[in-house]
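Student: Here the UniProt record's numbering is used: the first residue of the sequence shown is 1, the next is one more, and so on.
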Amino acid sequence: MSKEEINEEIQKEPQEIEEEVTDISQESETDEDIIGNDFELVQKELQELKDTYARVHADFENIKKRLEREKYTAVEYANEKFAKDMIPVMDALDGAMKSVESDADKAELFDKLKEGIELTHKQFLTQLEKHGVTMVSHDEPFDPNIHNAVQSMDSDEVESGQIVQTFQTGYKYKNRPLREAMVIVAN
């Protein structure tokens, strides 16, 4: 401020100064009103955000529960397709048992029964393979991961450490052994 402005301020009458102070205080009240209005708006926005959060959280919990139920159902019924594929095998076995009850010639019955069992066995293996279960091949080289050497013997036909004979067939599910093959290994 310049000297002249300062002098003018000093020379103002007290009434004018009082009016200016009143104007300033009224402006302050107006600022407080503005701040109060802003505070109310912020509180309203906060309440809306809380409501939105509560709804989103409830939706999340519902989705979580639904996915848990779906997972449980999927695990519970995971083998349904496999079970359905085994039903024809059971039908074939039922047919074989019923054929034994017939009054046909014993030799003819035996041949038909043998043929039926072979077809049922083939059908059963086909269904197992369809679901990833395979037999451990009898011709595979010895592998301790899928073979269990229960005995060893001298053999001129195969090299030492190779399989001579299989006692019990092994099975794999995809690449995992379900049951090791029990074998005799050459010395």
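Heads up, the beta-carbon is just placed ideally off N, CA and C, and yes, glycines get one too.
Using three-state DSSP, classify V133 as helix, strand or coil.
Tutor: Under the three-state reduction of DSSP output, V133 falls in the strand class.
Student: Determine whether the beta carbon atoms of A92 and Q123 lie at a separation below 8 Å.
Tutor: In contact: A92 and Q123 (Cβ atoms closer than 8 Å).
Student: Figure out for me which residue from P177, Q151, S155 has the closest Cα to the Cα of V183.
Tutor: Q151
Student: Only counting the same chain, and skipping five residues up and downstream in sequence, which positions put a Cβ closer than 7 Å to that of E70?
Tutor: none
Student: Excluding five sequence neighbours on each side, which residues of the same chain lie with their C-beta closer than 8 Å to the C-beta of E159?
Tutor: A186
Student: Nearest-angstrom Cα distance between D154 and E180?
Tutor: Cα-Cα distance, rounded: 22 Å.
Student: Opposite P141 in the DSSP bridges: which residues?
Tutor: P141 is not bridged to any residue.
Student: Grab me the residues of T120's own chain with a C-beta within less than 7 Å of its C-beta, minus the 5 sequence neighbours each way, in chain order.
Tutor: V89, A92, L93, A96
Student: Put N148 into one of helix, strand or coil per three-state DSSP.
Tutor: strand
Student: State the DSSP-derived secondary structure class of H57, mapped to helix, strand or coil.
Tutor: helix
Student: On the criterion of 16 or more Cβ atoms from any shown chain inside 10 Å, does G170 qualify as buried, or is it exposed?
Tutor: buried
Student: P177 bridges to which residues according to DSSP?
Tutor: Per DSSP, K172.
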